[in-house]
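Here's the structure, in structure tokens; my notes come after.
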Amino acid sequence: MPAPVPFDPSAIANAKHKLRPAKDGVTVKRTICATCDIACSVVTESKQGRVVKVRSSDNPIFRDNICMKGIIAPKAFAHPDRILHPMKRVGERGSGKWERVSWDEAMSDIGQRLKKVIDEHGPEAWAVSTSQWNTATDHGLGRRIMNHVGSPNWISGVALCAGNTAAINRLTYGWFPMGDFNNTNCIVLMGHNPRRHSWTPLYNYIRSAQQRGAKLIVCDPRKSSSAERADIWLPLKAGSDAAMMFGWLKVIFDEGLYDKDFVANWTVGFEELRKRVDEFPLDRVAKLTGCEPEMIAKAARMYANSGPSIIPWTPITDMQRNSTSAIRLQGILRAVCGYIDVAGGETLQGFHPDVVPESTIEMHEVLSEAQKAKQLGADTHPAFTYRGQEALREPLKRVWGHEYPNQITGCYMANPSATFRAMAGEGSYPVKAFFTMGNNTVMSYANMPLIIKAMMNQDLIVAHEHHMTPTAQLADYVLPGDSWLERPWLTDAFGWMSAYRPSEQSMEPPGEALSTWEFWKRIANALGRPELVPWASLTDFYDDRLKATGMSFKELSETTEIYFDMPEFRKYLKTGFATPSGKVELKSSILEDLGFDPLPYFREDPPVDPNYPLQMFTGVREDGYFQTAQRQVPEMRQRAPEPMIFVSPDTAKDYQLQENEWVIIENQTGKISAQVAIKEAMPNGLVRVPHGWWKPEMQKGAGHLSGALQYSDAQLCRDDEDYLDREQGIPHLKGVPCRIVKDPTGGAANPAPTEATL
Numbered sequence: 001m002p003a004p005v006p007f008d009p010s011a012i013a014n015a016k017h018k019l020r021p022a023k024d025g026v027t028v029k030r031t032i033c034a035t036c037d038i039a040c041s042v043v044t045e046s047k048q049g050r051v052v053k054v055r056s057s058d059n060p061i062f063r064d065n066i067c068m069k070g071i072i073a074p075k076a077f078a079h080p081d082r083i084l085h086p087m088k089r090v091g092e093r094g095s096g097k098w099e100r101v102s103w104d105e106a107m108s109d110i111g112q113r114l115k116k117v118i119d120e121h122g123p124e125a126w127a128v129s130t131s132q133w134n135t136a137t138d139h140g141l142g143r144r145i146m147n148h149v150g151s152p153n154w155i156s157g158v159a160l161c162a163g164n165t166a167a168i169n170r171l172t173y174g175w176f177p178m179g180d181f182n183n184t185n186c187i188v189l190m191g192h193n194p195r196r197h198s199w200t201p202l203y204n205y206i207r208s209a210q211q212r213g214a215k216l217i218v219c220d221p222r223k224s225s226s227a228e229r230a231d232i233w234l235p236l237k238a239g240s241d242a243a244m245m246f247g248w249l250k251v252i253f254d255e256g257l258y259d260k261d262f263v264a265n266w267t268v269g270f271e272e273l274r275k276r277v278d279e280f281p282l283d284r285v286a287k288l289t290g291c292e293p294e295m296i297a298k299a300a301r302m303y304a305n306s307g308p309s310i311i312p313w314t315p316i317t318d319m320q321r322n323s324t325s326a327i328r329l330q331g332i333l334r335a336v337c338g339y340i341d342v343a344g345g346e347t348l349q350g351f352h353p354d355v356v357p358e359s360t361i362e363m364h365e366v367l368s369e370a371q372k373a374k375q376l377g378a379d380t381h382p383a384f385t386y387r388g389q390e391a392l393r394e395p396l397k398r399v400w401g402h403e404y405p406n407q408i409t410g411c412y413m414a415n416p417s418a419t420f421r422a423m424a425g426e427g428s429y430p431v432k433a434f435f436t437m438g439n440n441t442v443m444s445y446a447n448m449p450l451i452i453k454a455m456m457n458q459d460l461i462v463a464h465e466h467h468m469t470p471t472a473q474l475a476d477y478v479l480p481g482d483s484w485l486e487r488p489w490l491t492d493a494f495g496w497m498s499a500y501r502p503s504e505q506s507m508e509p510p511g512e513a514l515s516t517w518e519f520w521k522r523i524a525n526a527l528g529r530p531e532l533v534p535w536a537s538l539t540d541f542y543d544d545r546l547k548a549t550g551m552s553f554k555e556l557s558e559t560t561e562i563y564f565d566m567p568e569f570r571k572y573l574k575t576g577f578a579t580p581s582g583k584v585e586l587k588s589s590i591l592e593d594l595g596f597d598p599l600p601y602f603r604e605d606p607p608v609d610p611n612y613p614l615q616m617f618t619g620v621r622e623d624g625y626f627q628t629a630q631r632q633v634p635e636m637r638q639r640a641p642e643p644m645i646f647v648s649p650d651t652a653k654d655y656q657l658q659e660n661e662w663v664i665i666e667n668q669t670g671k672i673s674a675q676v677a678i679k680e681a682m683p684n685g686l687v688r689v690p691h692g693w694w695k696p697e698m699q700k701g702a703g704h705l706s707g708a709l710q711y712s713d714a715q716l717c718r719d720d721e722d723y724l725d726r727e728q729g730i731p732h733l734k735g736v737p738c739r740i741v742k743d744p745t746g747g748a749a750n751p752a753p754t755e756a757t758l
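Now the structure itself:
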């Protein structure tokens, strides 16, 4: 999930900080790292046209923002197994048999086959999945082309991470806020644990805030490194975020700690909300969360009294069966305490008036209402679909000047599970063509067996990738993508911020690797629609978007690290909020009109199945990896050579588990193998399952999928209704029943990799 870098307006003098001069034939460029989702500003050093070093920025604002993944990037992108030429499948799907073709040959066949699918089944039979923190961006061109062709079925991993949060936040106050870390007095981390090599800028901002006296509250079942540093640690049960927020609101309302003027003048539904909150006395919240009532009350008072406070976005709350209510409750806490659009609180930034946003490029207005109505999942789980966001069109236009601002690319998505069911032949209509871009789709969503079935049922699969991932192994065409070292980039954190940061191209792409911009331009041409991407080059495209700044992209990137205006607060005093009522909707008119409970609620866990007595949470990654990537890099694999589950000492004793022992974790959906790590920080009965494991060195094709079938946590992620959020239809990944049994192979079939095998 993308987490943008906040900046201190007082540091505006540093926004045009000069690079240290190059020496000894080294070319130096300002660049933004896209190895993960955080987008750190770094510097590349090149010799003879190749990047030889990535180092931290010379700018004091960004100087400490770099991690091991960025440092190792030049070697990672030079891996001998990187895909450098278009590849066409010539054997059975998944057989691992390929032939090299030219881009022109590939695009000619892809265009013909895609047009055939559209002619036979309608444009909605074409679906696309892309995780744009991996590709950095597709410049809005993917949605632009799909909207003109007539397909609403775009999905992304942001359905589980930040994109859904953006869509749900907008139901409450019409935008997705960004916390002002530099000026806040209190930070609340809901299961989130930024570290030195994971979400590095947030780690630095939190440490800096604490050094100047800001309080830190951590809600996490584990005693994480952030919990170790916290003023208050609440070891809540996995998946009970919404219940905890109800407890805080109960204290804040009963003790009169809320901003009464703001509530009276700028909210609707307060009395109805208060009645709902009264259903959660602290003794009930304590039972639901497993935390002491006194500590719950202490944390609530600290948040309300220390202010302005922030609750930064967290991927944890995104992935729960009560996700919509929990995200809404976070927004409600921000609002009733008066922390919305104030310095030190949660800022609502909008778009920069001088730069054409990618949302405008996407052109959602050209997709007909009839085709929007076909978006998969919109009938049952509409929150982040066109249907769910429809009532915001006029308010968003009124306040922010845009009818379809697609923040974090997650506000007009199809539902992933519904899309895969349609691809598998189980939907209201078929989906027969599928594009996957920088997105290891097989391993990136819930119910991996369904996803594989869906992929095997396609007439056309196109992957734009660096490596032969398990997903690419099932494609008809695998096309080589460029890396962040090899392209220019202009980022606004996917519409989350009004600040733009340019990234210079450091080297030419190797082989025939092409950018997402070039990919979509060629797709438009292959479909006979060249007018949809009329710009001659990516830099021409950027120059067009930057025209109102008076600078070309080259001029901007050479002179400016951050292009922004000084922030303006309490903008709602002039415009109101971008909701149907113009106020913060504590009781959501949009959810009510969609047939859902307009107030937040809490669904307690389904009955315990005695066959699966433990609970697992997934989504966590090791510092050396981002999602499913980097496992081919020797330096990263040496740090974490095998998938490891974490259990408490008591759980290990109960199940007679030994350190580094191979076990099987299984539930009703599937099973995976992993080694055991016994951790004092883990609570009893909870199993941490790592995200994104496969082994690039294992046999490709022939049904093996390079170990994904043996190790990927997606096999354990359920998407049945009991484990889906009602409004969004996203899976519950934080407290899923499971069991652990001994692995009869003892891991013998899974030798640790050597540098030669990688």
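Residues 1 to 758 (full-length UniProt numbering) are what the sequence shown spells out, left to right.
By construction, the Cβ of each residue, glycine as well, lies at the ideal position given by its N, Cα and C atoms.
Would you kindly work out how many angstroms separate the C-alpha atoms of S498 and H352, rounded to a whole number?
Taking the sequence shown and counting its residues from 1, the one referred to as residue 498 is at position 498. Taking the sequence shown and counting its residues from 1, the one referred to as residue 352 is at position 352. Computed Cα separation, rounded: 5 Å.
Give me whichever residues DSSP pairs with T44 in a beta bridge.
To locate residue 44, count along the sequence shown from 1; it is residue 44. BP columns for T44 point to K29 and V54.
Evaluate Q407 with the Cβ neighbour count: other Cβ atoms within 10 Å of its Cβ, from every protein chain shown; 16 or more gives buried, anything less gives exposed.
Taking the sequence shown and counting its residues from 1, the one referred to as residue 407 is at position 407. Under this definition Q407 is a buried residue.
May I ask you to verify whether the stretch 39-48 touches the stretch 492-507, counting CB pairs closer than 8 Å and requiring at least 3?
In this structure the stretch 39-48 touches the stretch 492-507; the number of beta carbon pairs closer than 8 Å is three or more.
Any idea which residues DSSP pairs T130 with across the strands?
In the sequence shown, counting from the first residue as 1, residue 130 sits at position 130. Answer by DSSP bridge pairing, in chain order: M437.
Length at least 3, wholly inside the stretch 487-545: the beta strand (DSSP E) runs in chain order
List check, beta strand (DSSP E) in window: 489-491 and 501-503.
Do L586 and L273 have their C-beta atoms closer together than 7 Å?
In the sequence shown, residue 586 corresponds to position 586, counting from 1. In the sequence shown, residue 273 corresponds to position 273, counting from 1. L586 places its beta carbon less than 7 Å from that of L273.
Between K734 and the ligand COA, is the CB less than 6 Å from at least one heavy atom?
The ligand COA is absent from the structure shown, which contains no ligand whatsoever.
Please specify which runs of the beta strand (DSSP E), each continuous and at least 3 residues long, are wholly inside the stretch 209-264, giving them in chain order.
Secondary structure remark: continuous beta strand (DSSP E) runs of at least 3 residues inside the stretch 209-264, in chain order: 215-219 and 232-234.
Inter-residue Cα distance where the pair is I66 and H197
For the purposes of this step, residue 66 is taken as the residue at position 66 of the sequence shown. For the purposes of this step, residue 197 is taken as the residue at position 197 of the sequence shown. Linking I66 to H197 through their CA atoms gives a straight-line distance of about 8 Å.
According to DSSP, what are the bridge partners of A674?
The residue given as residue 674 occupies position 674 in the sequence shown. Residue pairing from DSSP places A674 in a beta bridge opposite V663.
Just the Cα atoms here: how many angstroms apart are R212 and N182?
Locating residue 212 in the sequence shown gives position 212, counting from the first residue. Locating residue 182 in the sequence shown gives position 182, counting from the first residue. Each residue's alpha carbon lies about 10 Å from the other.
With burial defined as no fewer than 16 other Cβ atoms inside 10 Å of the residue's Cβ, what is the status of K69: buried or exposed?
Indexing the sequence shown from 1 puts residue 69 at position 69. Only buried fits K69, as 16 or more other CB atoms lie within 10 angstroms of its CB.
Mind reading off the beta-carbon distance from L19 to A513? Whole number of angstroms is fine, and I expect it under 8 Å.
As a first step, residue 19 must be located in the sequence shown, where it is residue number 19. As a first step, residue 513 must be located in the sequence shown, where it is residue number 513. Their Cβ separation, rounded to whole angstroms, is 26 Å, which puts L19 and A513 out of contact at 8 Å.
DSSP state of F351 mapped onto helix, strand, coil:
Residue numbering aside, residue 351 sits at position 351 when the sequence shown is read from its first letter. Coil at F351, not helix or strand.
Run the CB neighbour count on K695, radius 10 Å, all protein chains shown included, and call it buried at 16 or more, exposed below.
The residue you call residue 695 lines up with position 695 of the sequence shown. By the Cβ neighbour-count rule, K695 is buried, with 16 or more other Cβ atoms within 10 Å of its own.
If Q132 sits next to T409, beta carbons under 8 Å apart, how far is it from one beta carbon to the other, in whole angstroms?
Position 132 of the sequence shown, counted from the start, is the residue given in the question as residue 132. Position 409 of the sequence shown, counted from the start, is the residue given in the question as residue 409. A Cβ-Cβ distance of about 6 Å is found for the pair Q132 and T409, placing them in contact under the 8 Å criterion.
According to the neighbour-count rule (16 or more other Cβ atoms, all chains shown, within 10 Å of its Cβ), is D722 buried or exposed?
Along the sequence shown, one-based indexing puts residue 722 at 722. Burial call: exposed.
For the putative contact between F626 and T172, defined by C-beta atoms under 8 Å, what is the C-beta separation to the nearest angstrom?
Position 626 of the sequence shown, counted from the first residue, corresponds to residue 626. Position 172 of the sequence shown, counted from the first residue, corresponds to residue 172. That belief does not hold up - the Cβ atoms of F626 and T172 are roughly 30 Å apart, past 8 Å.
DSSP-derived helix/strand/coil call for T267
Here the question's residue 267 lines up with position 267 in the sequence shown. It is a strand residue.
Taking Q210 as the reference, which of S226, F384 and L460 has the closest Cα?
In the sequence shown, the residue the question calls residue 210 occupies position 210. Per the Cα distances, S226.
Inspect the CB distances between the stretch 161-178 and the stretch 293-303 and report whether three or more fall short of 8 Å.
Flag = no, the stretch 161-178 and the stretch 293-303 do not touch.
Among the candidates R570, R55, I740 and L591, whose CA atom is the shortest distance from the CA of D341?
If you number the sequence shown from 1, residue 341 lands on position 341. Ranking the options by Cα distance to D341, first place goes to R570.
Would DSSP call A702 helix, strand or coil?
The sequence position of residue 702 within the sequence shown is 702, counting from 1. Caution is warranted here: a pLDDT of 49 is assigned to A702, below 50, making its placement in the model unreliable, and no coordinate value can be reported.
Where do the ends of the alpha helix (DSSP H) carrying H148 lie?
As a working mapping, residue 148 is identified with position 148 in the sequence shown. Under the DSSP assignment, H148 falls in the alpha helix (DSSP H) whose first and last residues are L141 to V149.
Spatial neighbours of P4 within its chain, please: C-beta separation below 6 Å, excluding the five flanking residues on both sides.
What you label residue 4 is simply residue 4 of the sequence shown in a count that begins at 1. Caution is warranted here: a pLDDT of 45 is assigned to P4, below 50, making its placement in the model unreliable, and the coordinate value is therefore given only provisionally. Once the five neighbours on either side are set aside, the close Cβ partners of P4 are A493, W496 and M497.
Which same chain residues end up closer than 7 Å to G685 when comparing Cβ atoms and leaving out the 5 residues on each side of it in sequence?
Walking along the sequence shown from the start, residue 685 turns up at place 685. Excluding sequence neighbours, G685 sits near L614, Q615 and T651.
Look at the alpha carbon of E727 and the alpha carbon of A433, and state the distance between them as a whole number of angstroms.
On the sequence shown, position 727 is the one that residue 727 refers to. On the sequence shown, position 433 is the one that residue 433 refers to. A straight line joining the alpha-carbon of E727 with that of A433 spans about 27 Å.
Measuring CB to CB, does L657 end up less than 7 Å from V676?
For the purposes of this step, residue 657 is taken as the residue at position 657 of the sequence shown. For the purposes of this step, residue 676 is taken as the residue at position 676 of the sequence shown. Cβ distance < 7 Å, so L657 and V676 count as in contact.
Rounded C-beta distance between I664 and I645? I'm assuming under 8 Å.
For this step, residue 664 is matched to residue 664 along the sequence shown. For this step, residue 645 is matched to residue 645 along the sequence shown. Not a contact, Cβ separation roughly 10 Å.
On the three-state DSSP scale, how would you describe Y412?
Working through the sequence shown from its first residue, we reach residue 412 at position 412. In this structure, Y412 counts as coil in the three-state DSSP scheme.
Report the rounded CA-to-CA distance for E358 versus T130, giving the unit in angstroms.
Position 358 of the sequence shown holds residue 358. Position 130 of the sequence shown holds residue 130. For E358 and T130, the distance between alpha carbons rounds to 15 Å.
Please name the residue, chosen from T314, M468 and L460, that lies closest to I117 on a Cα-to-Cα basis.
Residue numbering aside, residue 117 sits at position 117 when the sequence shown is read from its first letter. In the sequence as presented, Ile is not what sits at residue 117; that position holds Val. That would be L460, whose Cα lies nearest to the Cα of V117.
With three or more C-beta pairs closer than 8 Å as the rule, is the stretch 449-460 touching the stretch 144-153?
Short answer: they don't touch.
Report yes if the C-beta distance between A136 and W484 is below 7 Å; otherwise report no.
What you label residue 136 is simply residue 136 of the sequence shown in a count that begins at 1. What you label residue 484 is simply residue 484 of the sequence shown in a count that begins at 1. Yes, the pair counts as a contact, with Cβ atoms nearer than the cut-off.
Name the DSSP beta bridge partners of L450, please?
Here residue 450 refers to the residue found at position 450 when the sequence shown is read from its first residue. Its beta-bridge partners do not exist; DSSP assigns none.
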